[in-house]
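Undergrad: Chains as they are written, first to last, in the numbering used here: chain X, 15 to 470; chain Y, 15 to 470.
Glycine included, C-beta positions come from ideal geometry on N, C-alpha and C.
Just so it is clear, the structure is predicted and the values come from calculations on it, not from any experiment.
This is the structure, below, for whatever I ask next.
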């Protein structure tokens, strides 16, 4: 029997974990810097919480958990013999694994509404599960890193989130473009070209403009039943060029007949001006074709792309006005951002942007020459650990070559050798594995040397 | 519709998360200090990996995940109409949620054996799920924090783990007793009293001695079919008293006729002497009645109890010799320790041992007086964040009382007030929420004051 794991899931070994921890701890620190507090929700939610929130397709992609015990008891025998899977599901499963962090967050806000201080700024870094067909870069278990502010419709929140995104990627060393749009601008466009009911068709089509080009978008719009006149009216809006300010100003002129569109342009301008006043390292790009799950967002729409790697969106978010309505708490406005940890991981791998030293990697290994030497080594190791040095002792008095091979394979930068002569002097021979240099030092000197080498 | 979560699961709000993070990060740092590397495994494992590893009862407590799609397709209609839940499970579920971290770790070691450097020192901090009846202190989703060394039978590993346990609880400020035993001592006792086949019965009974007392243990042994002669022979062993060294020496004498028992005493002595040579803050206690999942452990057995709170074991572990045999990799010896995060959380709550400041809590809130003031505040806030201060601005120009109420409710220690006069001077009025003291300072001065107050 060769053991394996379910398809679409992954084991993370020590090297991958160090890299993932680096990403998560960077994001976590910046979330804290911006005043977000962490929450966690259970992996399992009631299916009544999850079903119907992600569309028909999403319902199918939920992992359902079989009820415990005699799950068939009390089930209509006719239903059983009918062998219709989808009819039986709700009878034998009450729980499912969370599909994203947004619906559990909405459920959390409503359930704990009386304990929460509004505006509520929360972040959440947890895995989610989807029964998607696994493929390159798409997993059945993956992490989401979300920050949201609910209970405030101030655009200051958007400005803060964009600054936060900028800080995260600056710390990670990834050059990014932050694309901005506003759902009200999209509504305004649909209104303006005389097709307000076709908003979804229009946005689904123009969202692809980067990939398939203007001509194909026009073809698709025809296929979706848009008249030539509307398509002709749409073209100049999509073709707006110039600096962000110029495009914003032209968009304002083009949309001035639409009240909603005008408000969208005003919001965009306020956000962009606010961000500019504070300064941004990333490039900011107004993109009227940006839609991202339109049915969900009601205002600002944000998407982040890496400039140096072709990988699609690595972060996204926006404003929604009715997150908690489905749980009986209407009218709560919020804005949020979600970092795609797996794609960020791929970008950092591609660009080789990981710091050389991991904050948790072992710094020194003591070689083991036998009982007495090991005892002396363990006393020195204790002293070094008390000074914060991360270390280990080879547990067996194995052959020197084997022991050194371990330090080498694990990239442990220093090896301590404590033989008879070192024991007598209360010292150790410290070997720098990168340079091969060896020196006889006291434990305190070894601590200083290791700390110094980390600082470099 | 009032939203809720499945019974036995929990939401963790900001305050609970700060406390949990404090526990996890303390344990994680000490794991790293001792040279353990982190791994993570998927929440879902194949049921073939999990079933049969936790006994018949354990199999029932596994959460099973319904196969995606048309899960009833191809199932024998007779099986369906039979309505026997347990026969159907294996046909409609291929995956389950992990029940502990040990079996997934064993699976990981076998699956990745060619990539691992032995001895392999790993730690893992992840949730596990059990369909247990929820009750006080027992949840259906809870975290385990495990560290194991596999591929070495050196007792140095035991000594290191005991030192590690001591360090974790010293950092948490919890006074503990570390109880030690050895499975070979238990085998020796069974041998000595002439009942080697009754090892399980004997250990299950004597494991309860602390709770029910000697007389009731004897009664139970009688009930389990042990002859009076054996019970009489057992009594002096359980009644051994004196210091750890004295008890060890008497145990050695009593067990000298048993080869296994003598080896067990020798191992215990080596571990205890090794730990004493290094120094231990915790009390170390030899406890021959300690058994802890006997069928699993083959050598050292470790259990930790809090001295100041009656709550049962808060950490446990031991040596096992055949962790991976069930996955086709026999003969791999290992020793591990598992911290019970939920019980440690309860102990810290009971003793009120949390540090006053959370390392991620918001330090300052800027009051919002309107557009111009907010813009000036955001510039100052940016400067402060660049210096590592965790802060926020109230996003709306709400009433002063409401804004101050937020800082108060969230225990934010400083509030910054930037009105017209502060704007003109490029300063802020910094209010210390604990003392009520206010002073007009520059952003740099505010940074210094906040950092100073954190250091106190």
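What span of residues does the alpha helix (DSSP H) with residue 68 (chain Y) cover, start to end?
TA: Residue 68 (chain Y) -> no alpha helix (DSSP H), and no H or E assigned at all.
Undergrad: Return the CA-CA distance between residue 178 (chain X) and residue 121 (chain X), expressed in angstroms with no decimal places.
TA: 25 Å
Undergrad: Using DSSP with H/G/I as helix, E/B as strand and the rest coil, what is residue 77 (chain Y)?
TA: coil
Undergrad: Please list, in chain order, the chain X residues whose beta carbon lies closer than 7 Å to that of residue 290 (chain Y).
TA: Per Cβ cutoff of 7 Å: no residues; residue 290 (chain Y) is ~11 Å from chain X at best.
Undergrad: Within 8 Å (strictly less), CB to CB, does residue 443 (chain X) reach chain Y?
TA: no
Undergrad: If I measure Cβ to Cβ from residue 364 (chain Y) and keep anything under 6 Å in the same chain, skipping five residues before and after, which residues do I get?
TA: 323
Undergrad: Do residue 442 (chain Y) and residue 463 (chain Y) come within 8 Å of each other at the CB atom, strictly closer than that value?
TA: no
Undergrad: Based on Cα-Cα distance, which residue from X:439, X:450, X:449, X:451 lies nearest to residue 457 (chain X)?
TA: Ranking X:439, X:450, X:449, X:451 by CA distance to the CA of residue 457 (chain X) puts X:439 first.
Undergrad: By how many angstroms is the C-alpha of residue 204 (chain Y) removed from the C-alpha of residue 433 (chain X)?
TA: 43 Å
Undergrad: Taking residue 84 (chain X) as the query, report the chain Y residues whose CB atoms sit under 7 Å from its CB, ordered along the chain.
TA: 99
Undergrad: Check whether the stretch 316 to 330 of chain X touches the stretch 128 to 145 of chain X, counting contact only when three or more Cβ pairs, one atom from each stretch, lie closer than 8 Å.
TA: no
Undergrad: Within the same chain, show all residues whose beta-carbon is closer than 7 Å to that of residue 32 (chain X), passing over the 5 residues directly before and after it, in chain order.
TA: Within the same chain, 372, 374, 375 come within 7 Å of residue 32 (chain X) by CB-CB distance, once the 5 residues on both sides are set aside.
Undergrad: Check whether the Cβ atoms of residue 447 (chain X) and residue 390 (chain X) lie closer than 8 Å to each other.
TA: no
Undergrad: At the level of alpha carbons, what is the spacing between residue 514 (chain X) and residue 57 (chain Y)?
TA: Beyond the ends of chain X as shown, which are 15 and 470, falls residue 514 (chain X); an answer cannot be given.
Undergrad: So which of X:82, X:71, X:77 has the shortest CA-CA distance to residue 75 (chain Y)?
TA: X:82
Undergrad: Do residue 269 (chain X) and residue 283 (chain X) have their C-beta atoms within less than 8 Å of each other?
TA: no
Undergrad: For a cutoff of 8 Å on Cβ pairs, would you count residue 141 (chain X) as touching chain Y?
TA: yes
Undergrad: Ignore the nearest five residues each way along the sequence and tell me which others in residue 356 (chain Y)'s own chain have a CB closer than 8 Å to its CB.
TA: 151, 153, 156, 157
Undergrad: Check the Cβ of residue 450 (chain Y) against every Cβ in chain X and list those closer than 8 Å, keeping chain order.
TA: By Cβ distance, chain X contributes nothing, its closest Cβ being about 21 Å from residue 450 (chain Y), past 8 Å.
Undergrad: Near residue 77 (chain X), what residues of its chain come up, given a Cβ to Cβ distance below 7 Å and the 5 sequence neighbours on each side ignored?
TA: 110, 111, 143, 145
Undergrad: Under the rule that 16 or more other beta-carbon atoms within 10 Å means buried, what is residue 12 (chain Y), buried or exposed?
TA: The displayed coordinates of chain Y run from 15 to 470. Any statement about residue 12 (chain Y) would go beyond what the structure contains.
Undergrad: For residue 68 (chain Y) and residue 220 (chain X), what's the separation of their Cα atoms in angstroms?
TA: Spanning the two alpha carbons is a distance of roughly 55 Å.
Undergrad: To the nearest angstrom, how far is the alpha carbon of residue 38 (chain Y) from that of residue 366 (chain X)?
TA: Put simply, the backbone Cα of residue 38 (chain Y) is about 29 Å away from that of residue 366 (chain X).
Undergrad: Judging by CA-CA distance, which residue of Y:28, Y:313, Y:403, Y:26 is the nearest neighbour of residue 172 (chain Y)?
TA: Y:313
Undergrad: Could you spell out the range, first to last residue, of the beta strand (DSSP E) harbouring residue 38 (chain X)?
TA: Counted as a single uninterrupted DSSP element, the stretch harbouring residue 38 (chain X) is not any beta strand (DSSP E) but the alpha helix (DSSP H) occupying residues 28 to 47.
Undergrad: Would you be able to state if there are at least three C-beta pairs under 8 Å between the stretch 287 to 299 of chain Y and the stretch 390 to 410 of chain X?
TA: yes
Undergrad: To the nearest angstrom, how far is it from the Cα of residue 108 (chain Y) to the Cα of residue 91 (chain Y)?
TA: In a straight line, the C-alpha of residue 108 (chain Y) is about 19 Å away from that of residue 91 (chain Y).
Undergrad: In the stretch 55 to 67 of chain X, which residues sit with their C-beta less than 9 Å from some C-beta in chain Y, listed in chain order?
TA: 55, 56, 57, 58, 59, 60, 62, 63
Undergrad: Output the boundary residues of the alpha helix (DSSP H) element that contains residue 18 (chain X).
TA: From DSSP, residue 18 (chain X) is part of no alpha helix (DSSP H); its letter is neither H nor E.
Undergrad: What runs of the alpha helix (DSSP H), each 4 residues or longer, lie entirely inside the stretch 223 to 270 of chain Y?
TA: If you keep only unbroken alpha helix (DSSP H) runs of at least 4 residues inside the stretch 223 to 270 of chain Y, you get 223 to 237, 242 to 252, 258 to 268.
Undergrad: Based on DSSP bridge pairs, tell me the residues matched to residue 149 (chain X).
TA: X:152
Undergrad: Give the list of continuous alpha helix (DSSP H) stretches no shorter than 4 residues that lie fully inside the stretch 363 to 443 of chain Y.
TA: 385 to 400, 414 to 423, 434 to 439
Undergrad: Among the candidates X:411, X:380, X:99, whose CA atom is the shortest distance from the CA of residue 404 (chain X)?
TA: X:380
Undergrad: Smallest Cα separation from residue 70 (chain X): which of X:100, X:84, X:55?
TA: Proximity to residue 70 (chain X) across X:100, X:84, X:55 peaks at X:100, based on C-alpha coordinates.
Undergrad: Just curious, the alpha helix (DSSP H) that residue 297 (chain Y) is in, first and last residue?
TA: Residue 297 (chain Y): not part of any alpha helix (DSSP H); member of the beta strand (DSSP E) spanning 297 to 300, first to last residue.
Undergrad: Which residue marks the beginning of the beta strand (DSSP E) containing residue 324 (chain Y), and which one marks its end?
TA: Element bounds for residue 324 (chain Y): n/a, residue is neither H nor E.
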